[in-house]
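Keeping their order, the protein sequence lines are chains U and F. Residue numbering for the first sequence follows this note's numbering, beginning at 1 and increasing consecutively. Residue numbering for the second sequence follows this note's numbering, beginning at 94 and increasing consecutively. Built from N, CA and C at the ideal position, the CB exists for glycine as well. Reviewing the structure listed below.
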Amino acid sequence: MPVKVMIPSPLRPYAGKRDSAEFNARTVGEALGHLAAEFGELRKHLFTEDGKLRSFVNVYVNDEDIRYLAKENTPTKDGDTISIIPSIAGGCI
Amino acid sequence: MVDATALWISGHLAEKIRAHGAETYPHECCGALLGRDSSAVLQNDRGTGAPAREILQLFPLVNRRDDSPRNRFSVTPQDVLEAEKAAHEQGLEVVGWYHSHPDHPARPSEYDRDHAWPWYSYIIVSVQNGAPQDMTSWRLNDDRAEFSPEGIEIRHRAAV
Chain U
1 MPVKVMIPSP
11 LRPYAGKRDS
21 AEFNARTVGE
31 ALGHLAAEFG
41 ELRKHLFTED
51 GKLRSFVNVY
61 VNDEDIRYLA
71 KENTPTKDGD
81 TISIIPSIAG
91 GCI
Chain F
94 MVDATALWIS
104 GHLAEKIRAH
114 GAETYPHECC
124 GALLGRDSSA
134 VLQNDRGTGA
144 PAREILQLFP
154 LVNRRDDSPR
164 NRFSVTPQDV
174 LEAEKAAHEQ
184 GLEVVGWYHS
194 HPDHPARPSE
204 YDRDHAWPWY
214 SYIIVSVQNG
224 APQDMTSWRL
234 NDDRAEFSPE
244 GIEIRHRAAV
């Protein structure tokens, strides 16, 4: 069941400059796991050292935020598109 | 390591970033940098190069951190998508972000580093007692350990 993962511009240099990749995956977590396995340099920009999605990394399945679905266990079906959108945050201290 | 990079911006846009920082003081301002990487390649001492990046437009945003706007800023993913849409409509890309450091130096904090992605340019303007001061730009290194400074070059028009 191929799903398409859209790769945001800042992460494309770690993915052979590709803007998307397709994987067979049953859940969002599986798809992101495949992405990080295929493009290892990209992993640390998506996940913390203990394997959790970084707090500023937002993931959508067909425009639905996975936080309001089943998070990384959100099931995927053939033809779904997964988007990775950062929140931008910072501060002086 | 990030190769030595340079950011080209017009004096007018640089002034707009400073003005935004002064306007929101003592709160942090924030916005998107719309532009593109040029085909010109800067040579560094290792003989490799990185393209110069030109900023052609700003997309000012509202700081969503109501709870602590003096030392934090936040841009929602919806704002990110709006900025990307505005960029694409003009054949540009969101190539970075700017924010102010009220009464703090124009250097990235640990919090900045923790919430950054490589590739993006992060402009910081220091605003002291309401008056904009230093403006710097930074890119996160591949290993996330630190930022590398990025030279800001003021150009009449940043076209390449």
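1) So, is the C-beta of Met94 of chain F closer than 8 angstroms to a C-beta in chain U?
2) What's the C-alpha gap between Asp236 of chain F and His45 of chain U?
3) So, is Thr76 of chain U buried or exposed, given that buried needs 16 or more other C-beta atoms within 10 angstroms?
4) For Ser219 of chain F, collect the residues of the same chain with a Cβ closer than 7 angstroms to its Cβ; drop the 5 residues on either side in sequence, then sort them by chain order.
5) Find out if the Cβ-Cβ distance for the pair His249 of chain F, Gly90 of chain U is shorter than 8 angstroms.
6) Suppose the cutoff is 6 angstroms on Cβ atoms and the five residues either side in sequence are ignored; what does the same chain contact list for Ile245 of chain F look like?
7) Taking a Cβ distance cut-off of 7 angstroms, strictly less, list which residues of the stretch 51 to 72 of chain U are near chain F, in chain order.
8) Just to confirm the assignment: which complete beta strand (DSSP E) runs, minimum length 3, are found wholly within the stretch 163 to 209 of chain F?
9) I'd like to check one pair, Glu147 of chain F with Gly124 of chain F: are the Cβ atoms closer than 8 angstroms?
10) Any idea which residues DSSP pairs Tyr14 of chain U with across the strands?
11) Tell me, to the nearest whole angstrom, how far the beta carbon of Ile88 of chain U is from that of Asn58 of chain U; I am working on the premise that it is less than 8 angstroms.
12) Excluding sequence positions up to five away, which residues of its chain have a Cβ less than 8 angstroms from the Cβ of Glu22 of chain U?
13) Report yes or no: is there a C-beta of chain U within less than 8 angstroms of the C-beta of His181 of chain F?
Taking the structure as given:
1) Here Met94 of chain F scores only 48 on pLDDT, less than 50, and its place in the model should not be relied on; the value that follows carries that caveat. Using a CB distance cut-off of 8 angstroms, Met94 of chain F does not count as an interface residue toward chain U.
2) Straight through space, the alpha carbons of His45 of chain U and Asp236 of chain F are spaced by roughly 9 angstroms.
3) Taking all protein chains in view, the Cβ of Thr76 of chain U is crowded by 16 or more other Cβ atoms within 10 Å, so the residue is classified as buried.
4) Correct list, in chain order: His194, His197, Pro198, Ala199, Gln226 and Asp227.
5) Taking 8 angstroms as the Cβ cut-off, His249 of chain F and Gly90 of chain U do not qualify as a contacting pair.
6) Same-chain partners within the cutoff: Leu100 and Ser230.
7) Cβ contacts with chain F come from Phe56 and Asn58.
8) For the stretch 163 to 209 of chain F, whole beta strand (DSSP E) runs of length 3 or above, ordered along the chain, are 166 to 168 and 186 to 195.
9) At a Cβ-Cβ threshold of 8 angstroms, Gly124 of chain F and Glu147 of chain F do not count as neighbours.
10) BP columns for Tyr14 of chain U are empty, so no partner.
11) About 11 angstroms; that fails the 8 angstroms criterion.
12) Counting only Cβ-Cβ distances below 8 angstroms, and skipping sequence neighbours, we find Pro2, Val3, Lys4 and Val5.
13) His181 of chain F does not count as touching chain U.
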